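A quick write-up on the structure given underneath.
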Ligand code: F6R
Ligand code: ZN
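In the working numbering, the protein residues as written are 17 to 185.
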């Protein structure tokens, strides 16, 4: 992966430039209905977040995933936009998180249902300990952008987050 510089003050330009080289995925409300209690009032299907991943999938044998999540500002009913949230299949796989711009909340949860929150704002660096589920919420007025780094092999377990009440049974 080439070096890149994340300049929060120039984030829109950075997104258009550097992110164009990454693998991009988007999550709309319709991709994650079970992760929200309600539905958009006007029948719209908003993009909730975008994930840009380096290096592009299949580009090499590296076991490192670097991704940038751009979590939009908005609500479904009273619920702020948030990521789905997941455990890693590998219980020994932690994750590093670095906030580029915006404000929000990282929630992390154990399989026994203990949930903790970490306040996020530009410049915050934090860790998701191995074995903990994690999701990010954006109750603020601006998009929230954060970089995540984890081993690729850890895999994502989205069903397990039922223990934290993040997805409907
Ligand atoms: C990687 C990781 C992040 C998330 C991304 C989207 O392990 O945690 O890159 O994948 O923030 O969230 P989810 O995957 O929960 O939809
Ligand atoms: Zn993760």
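Note that the Cβ used here is the ideal one computed from N, Cα and C, for glycine as well. Quick caveat, the model's predicted, so the values are computed rather than measured.
What's the gap between the Cα of residue 18 and the Cα of residue 39?
-> Here residue 18 is taken as the residue at index 2 of the chain shown, counted from 1. Here residue 39 is taken as the residue at index 23 of the chain shown, counted from 1. Residue placement at residue 18 is flagged as unreliable, the pLDDT there being 44, under the threshold of 50; a coordinate-derived value is accordingly withheld.
Who are the Cβ neighbours of residue 170 in its own chain at under 6 Å, not counting the five residues just before and after it?
-> The sequence position of residue 170 within the chain shown is 154, counting from 1. Excluding the 5 residues flanking it on each side, residue 170 has same chain C-beta neighbours closer than 6 Å at 104, 106 and 109, in chain order.
Could you tell me which residues DSSP puts in a beta bridge with residue 58?
-> As a position in the chain shown, residue 58 is number 42, starting the count at 1. Answer is none; residue 58 lacks a bridge partner.
Any non-hydrogen atom of the ligand F6R within 7 Å of residue 152 CB = If you number the chain shown from 1, residue 152 lands on position 136. Correct: residue 152 has its Cβ closer than 7 Å to the ligand F6R.
Kindly confirm or deny that the segment 137 to 147 and the segment 93 to 100 touch, where touching means at least three C-beta pairs closer than 8 Å.
-> Counting C-beta pairs with one atom in each stretch, the segment 137 to 147 and the segment 93 to 100 have fewer than three that are closer than 8 Å, which means they do not touch.
Quick check: the segment 117 to 128 against the segment 147 to 160, are there 3 or more CB pairs under 8 Å?
-> yes
Segments assigned beta strand (DSSP E), at least 3 residues, entirely inside the segment 52 to 133 = 63 to 70, 80 to 87, 95 to 98, 111 to 117 and 119 to 125
For residue 132, verify whether its CB is less than 7 Å away from any heavy atom of the ligand F6R.
-> Taking the chain shown and counting its residues from 1, the one referred to as residue 132 is at position 116. Remark: the shortest separation between the CB of residue 132 and any heavy atom of the ligand F6R does not fall under 7 Å.
Among 41, 83 and 93, the one whose alpha carbon lies nearest that of residue 56 = Mapped onto the chain shown, residue 56 falls at position 40. Of 41, 83 and 93, the residue nearest in Cα terms is 93.
In chain order, what residues of the same chain lie with their CB nearer than 6 Å to the CB of residue 133, ignoring the 5 residues before and after it?
-> To locate residue 133, count along the chain shown from 1; it is residue 117. Excluding residues within five positions, the ones whose Cβ falls inside 6 Å are 121 and 123.
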